[in-house]
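Colleague: Once you've had a glance at the structure underneath, I'll fire off some questions.
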C-alpha cells in the first residue's frame, strides 16, 4: 500500500516517491501548458489579440521538496509567489518585467 494518510504530511519520502511526485507535477504542468497553448492558438487564428486582455496566474506556489517540504503549507517564497502575466493590446509595458511585489487581490479591480 503506497497511500499516505492526511496526518502524515511531515513523513520522509523515499527516492521513488519523490521521483513519482516530481514526474506527476511536471505532467500536470505540461498538460496545463498544452491547454493554454490551444487557447492562445485560437486567439491567433481568430485575430483576437487587439481586443482581448489575457491574465495568467495561480492561486498559490508549490514546494517541490525544497527545505524538505512538499505542497503549499508554509510562508516560504516557493509557496507564496505565483506567476502573474498580463497581456493587454494597449499596455505601454508590453514585454517588460515588473520586479516589485503585486497582490492578486488587485487584479480583479484592475480588469
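Residue numbers (our numbering): 7 to 117.
Where is the CB? At the ideal position from N, CA and C, for every residue including glycine.
(1) Please state whether the Cβ-Cβ distance between residue 41 and residue 95 is less than 8 angstroms.
(2) Quick check on residue 76: buried or exposed, where buried means 16 or more other Cβ atoms within 10 Å of its Cβ?
(3) Going by beta-carbon coordinates alone, are residue 62 and residue 89 separated by less than 8 angstroms?
(4) Scan the segment 55 to 80 and note each continuous alpha helix (DSSP H) run of 4 residues or more that stays entirely inside, going in chain order.
(5) Once the 5 residues before and after residue 60 are set aside, which same chain residues still bring their CB inside 6 angstroms of it?
(6) Hey, quick one: how far does the beta strand (DSSP E) through residue 117 stretch, first residue to last?
(7) What does DSSP give as the partner residue(s) for residue 93 in the beta ladder?
(8) Using three-state DSSP, classify residue 105 as helix, strand or coil.
Modeller: With the structure as the only source:
(1) no
(2) buried
(3) yes
(4) none
(5) 93
(6) It is not in any beta strand (DSSP E) - residue 117 carries neither H nor E in the DSSP assignment.
(7) 60
(8) coil
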